[in-house]
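Below is one structure; the comments refer to it alone.
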Amino acid sequence: MLISLTFHVPETDPIKYFTFSMIISILGIRGILLNRRNIPIMSMSIESMLLAVNSNFLVFSVSSDDMMGQSFASLVPTVAAAESAIGLAIFVITFRVRGTIAVEFINSIQG
1 MLISLTFHVP ETDPIKYFTF SMIISILGIR GILLNRRNIP IMSMSIESML LAVNSNFLVF
61 SVSSDDMMGQ SFASLVPTVA AAESAIGLAI FVITFRVRGT IAVEFINSIQ G
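Residue 52 in full-length UniProt numbering sits at position 52 of the sequence shown, with consecutive numbering throughout.
Right, dumping it as structure tokens:
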């Protein structure tokens, strides 16, 4: 017995997904601009902007019937994880040296 594993994706309007992506991106930009002193919120805002980029890759990939967007979308979380790890390492070192991770004192890191 042969089972077919084809999925039917209904035709949807990509404008809905672009609007969702635009809203998520604007919220990320707003989070960075309004919370300049809170490092975890800035990091979450950057991650939300990466989510918006990722969803745009997927929508373009599905709408143009091309796999490149899906392959890029699989690489974005890898880059985001590396970026978060480097940022966390910088903040741990800053806390050890300065005793605070306030954004105002980040400029004093000299390498």
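From the three backbone atoms N, C-alpha and C, an ideal C-beta is built for every residue, glycine too.
Item checked: the stretch 57-76 contacting the stretch 35-44, beta-carbon criterion three pairs below 8 Å -> no
Notebook entry, point to check: Given Q70, which residues of its chain have a CB within under 7 Å of its CB, disregarding the five upstream and five downstream residues?
Noted result: L58 and S61
Margin query: Since S45 and S21 should fall inside the 8 Å C-beta cutoff, what is the C-beta to C-beta distance between them, to a whole number of angstroms?
Written below: No, S45 and S21 are not in contact; Cβ-Cβ is about 15 Å, not under 8 Å.
Check: Residue range of the alpha helix (DSSP H) that T78 falls in?
Finding: M68 to R98
Next item on the list: Using the Cα positions of F95 and A89, report the straight-line distance between them to the nearest angstrom.
Entry: 10 Å
Check: Under a three-way DSSP split, which group does T19 fall into?
Finding: helix
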